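Enquirer: Residue numbers (the numbering used here), protein chains in the order written: chain A, 1 to 291; chain B, 1001 to 1097; chain C, 2001 to 2391. Virtual Cβ for every residue (Gly too), placed ideally from N, Cα, C. The structure presented is a predicted model; accordingly, all values stated were derived computationally and were not measured.
In structure tokens form, the structure reads like this:
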């Protein structure tokens, strides 16, 4: 029996099932899964069509961190804390935006929970509306491209740094393009007591406007351009980054996605492209990405 | 009429294997077992999952379960030895007059 | 053992005796002292193996007890007013997930304008969530109903959250003599929690699944039927409680003098005591008045209400909440229970946001009806004359 799927309803080429399976495998299925409302929940938890081979709970959109905290506390009170890892799977909308309050509370109290944010950079379940995880310049249905607007105006919120600022013992970013790296990070997280935050970059074929066959390549390019640096913090210290032998230009990543295509012809596009390259350069400097 | 079974508080254990998502796509992935080196890349990346490594004639090869294969091409793109090919399903090979 | 204690202590002590596993806390006036008292017990090691956890909001507190309950723990929290409104999304969810959490609401008015004072608009506002609601008259009743709440909520014929509504300040902060329970009595009454389903790696199930149209309506109907079954379960437990403690709180309603009363006053919460005093006096004066105290508000005791009002000519329902734009909530429920009866119906709104309801006002309300001075229908009592100034 698989711990997740087959038979779930994710789009062909969807990124997050890879992350979910990798995380469950890394923890040998010793998991109580807490899921926020979103794509993952919708494709996996219809009544009578449950996809999960581990105990699973979905409450509402913005409270999965608090529900996980409650489960962790209950397991402690019931002397069952060695039974399983409490693992949250929540999208970027549930994490960066609507659920940040409960996530902050969970991290502040340092509950023994692994929080995995599958970051597909918009509200993809409701059809690609911008979230605070949407990168600058991306066209979404709520930040469409028009005469006065070249897609989303602000930059992507740095949730990993926000997690680190809570003083939690472990925070990392990962990508489905590097499943072994993600697997190792989940395993590492499971060895540490306290709150763990792992943000895994998962392309969305429909929202990003990519061919299903490009899912892995796009995810890889996000890392290789420095726009999605893979970093690892333990007790507030940066302990590991994925070095890049030859950092690619952000354009290589952007040009193959429909959500960024307008940047190459919109009058304001050039500025956005420059800003995105600047963000990548800043990441490279900050984390020492260039090998 | 059949009575609906309503489990209060919880859904029964995993049952999605009854959802045969293999009929979603227009294509299916096939493995060239001669070329396959059994590295498992496709198994790791298959989102369903519907690929397994199976022992055949003393070596491991990837086997795809078309009951669940949505034809997403993921395995095709990650295979290091080009052992996977995508084929349009028979019913989609329509002749347009 | 009878002690003079404040309401919040009586509540916290009963929670302790109910051996909860998880308590989540977030402060809000006038509930705060309940969780403060529990915190003190926790700090002093008096809560056994229970875990006490402070939340980042009432929303977080409700979510934590939801998670704890799903994991198989007996879970408790308390709140008031805005806090309850903030919890609302989670509480609807917990009820739908059939999690037997227990919460105390220290009733307080809802903003705006901000008011920390008492009415029952907060708990009334979530009457449709699928949560059992019981309104108490005294701190003794609040103290006694807490073990009962856990027992009813956890009954497998029920499996719904249970909310005990206690008037903020008027009860929570009042000193009253309370016959405090002992552990032996509570243990005899309330067995350890044995969840029918829980998050367990050895028996994985999925909780909180979404239901497509072929199932959704059945799940919601099942809640309605569970609420119906709760009526009998509660009556049985009220009876058990009486046998065990010799304290008889009655059933879903308590009817005083209703058999031969021409006028019956219907209300709930702490105001009942005051009205009872007035009515006792009026009876001595030869007036045929009665009192119907609603204890269980959800499930609404329609049969009991109909029965108690069958001989009445006039009914006065005193609501301490509004359903702005419609009949006040309790009044609407009572009306639907006596549909078809030939009754003169008075819907009185009083005591909002801590507005005092003095004895004289209660007397006036009843006498106005008795002497035909009051027009039937909806009206405010104890309301100052005012003029709306729209700049």
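1. Can you give me the C-alpha to C-alpha distance between residue 2246(C) and residue 2141(C), rounded to a whole angstrom?
2. Would you mind telling me which residues of chain C sit closer than 9 Å to residue 1062(B), beta carbon to beta carbon, in chain order?
3. Straight-line CA distance for residue 2263(C) to residue 2280(C)?
4. For residue 2282(C), would you say it is in contact with chain B, using Cβ-to-Cβ distances shorter than 7 Å as the test?
5. Kindly indicate which residue of 1011(B), 1003(B), 1002(B) and 1048(B) has the alpha-carbon position closest to the one of residue 2211(C).
6. Closest Cβ-Cβ distance between residue 49(A) and chain B: below 7 Å?
7. If you measure between the beta carbons of residue 77(A) and residue 2200(C), is that distance less than 7 Å?
8. Which whole-angstrom value describes the C-beta separation of residue 2261(C) and residue 2289(C), a residue pair presumed to lie in contact below a C-beta threshold of 8 Å?
9. Taking three-plus beta-carbon pairs below 8 Å as touching, is the segment 96–107 of chain A in contact with the segment 2096–2113 of chain C?
10. What residues in its chain sit with their C-beta under 7 Å from that of residue 2353(C), if we drop five residues either side in the sequence?
11. State the Cα-Cα distance for the pair residue 206(A) and residue 63(A), rounded to the nearest angstrom.
12. Suppose you measure from the CA of residue 2136(C) to the CA of residue 38(A); what does that come to, to the nearest Å?
13. Compare the C-beta of residue 1079(B) with all C-beta atoms of chain A and state if any pair is closer than 7 Å.
14. Rounding to the nearest angstrom, what Cα-Cα distance links residue 1045(B) and residue 1076(B) in this structure?
15. Can you tell me whether DSSP reads residue 1995(C) as helix, strand or coil?
16. Starting from residue 1088(B) and walking both ways along the alpha helix (DSSP H), at which residues does that stretch end?
17. Measure from the C-beta of residue 2209(C) to each C-beta in chain B and report whether the shortest distance is under 7 Å.
18. Would you report the Cα separation of residue 123(A) and residue 134(A), rounded to the nearest angstrom?
19. So, for residue 2031(C): in the same chain, excluding its five sequence neighbours on each side, which residues have a beta-carbon less than 6 Å away from its beta-carbon?
20. How close, in whole Å, do the beta carbons of residue 2311(C) and residue 2259(C) come, if the pair is a contact with beta carbons under 8 Å?
21. Against chain A, with Cβ distances strictly below 7 Å, would residue 2021(C) count as a contact?
22. On the DSSP bridge assignment, give the partners of residue 58(A) in chain order.
23. Which residues of chain C have a Cβ atom closer than 7 Å to the Cβ of residue 229(A), listed in chain order?
24. On the three-pair Cβ rule with 8 Å, is the segment 1046–1053 of chain B touching the segment 1065–1084 of chain B?
25. Check whether the Cβ of residue 2093(C) lies closer than 7 Å to any Cβ atom in chain A.
26. Residue 2067(C) and residue 70(A): beta carbons closer than 7 Å?
27. Can you find the residues in the same chain that come closer than 6 Å, C-beta to C-beta, to residue 2174(C), ignoring five residues on each side of it along the sequence?
28. Can you list, in chain order, the residues of its chain with a C-beta nearer than 8 Å to that of residue 2283(C)? Leave out the 5 residues immediately preceding and following it.
29. Opposite residue 2314(C) in the DSSP bridges: which residues?
30. Pull up the DSSP beta-bridge partners for residue 2293(C), would you.
31. Give me the chain A residues within the contact set of residue 2059(C), using Cβ-Cβ distance strictly less than 9 Å, ordered along the chain.
32. Indicate whether the contact test is met: 3 or more Cβ pairs, each with one atom in the segment 219–234 of chain A and one in the segment 38–48 of chain A, closer than 8 Å.
33. With DSSP run on the structure shown, which of helix, strand or coil describes residue 2076(C)?
34. Examine chain C for any beta-carbon lying closer than 7 Å to the beta-carbon of residue 1009(B), and answer yes or no.
35. In terms of DSSP beta bridges, what is residue 49(A) paired with?
36. If you draw a straight line from the alpha carbon of residue 2152(C) to that of residue 2216(C), how long is it in whole angstroms?
Expert: Working from what's here:
1. 13 Å
2. Ordered by position in chain C, no residue passes the 9 Å Cβ test against residue 1062(B), which lies about 28 Å from the chain.
3. 13 Å
4. no
5. 1011(B)
6. yes
7. no
8. 6 Å
9. no
10. 2109, 2115, 2117 and 2119
11. 26 Å
12. 41 Å
13. no
14. 10 Å
15. Because residue 1995(C) is not part of the residues shown, which for chain C are 2001 to 2391, the question remains open.
16. No alpha helix (DSSP H) contains residue 1088(B), which is instead part of the beta strand (DSSP E) from 1084–1088.
17. yes
18. 9 Å
19. 2078, 2079, 2080 and 2106
20. 6 Å
21. yes
22. 35(A)
23. Near residue 229(A) there are no residues of chain C at all, since even the closest Cβ is about 29 Å away, more than 7 Å.
24. yes
25. yes
26. yes
27. 2007
28. 2257 and 2289
29. 2263(C) and 2344(C)
30. 2254(C) and 2267(C)
31. 62, 63, 66, 101 and 102
32. no
33. strand
34. yes
35. 46(A)
36. 25 Å
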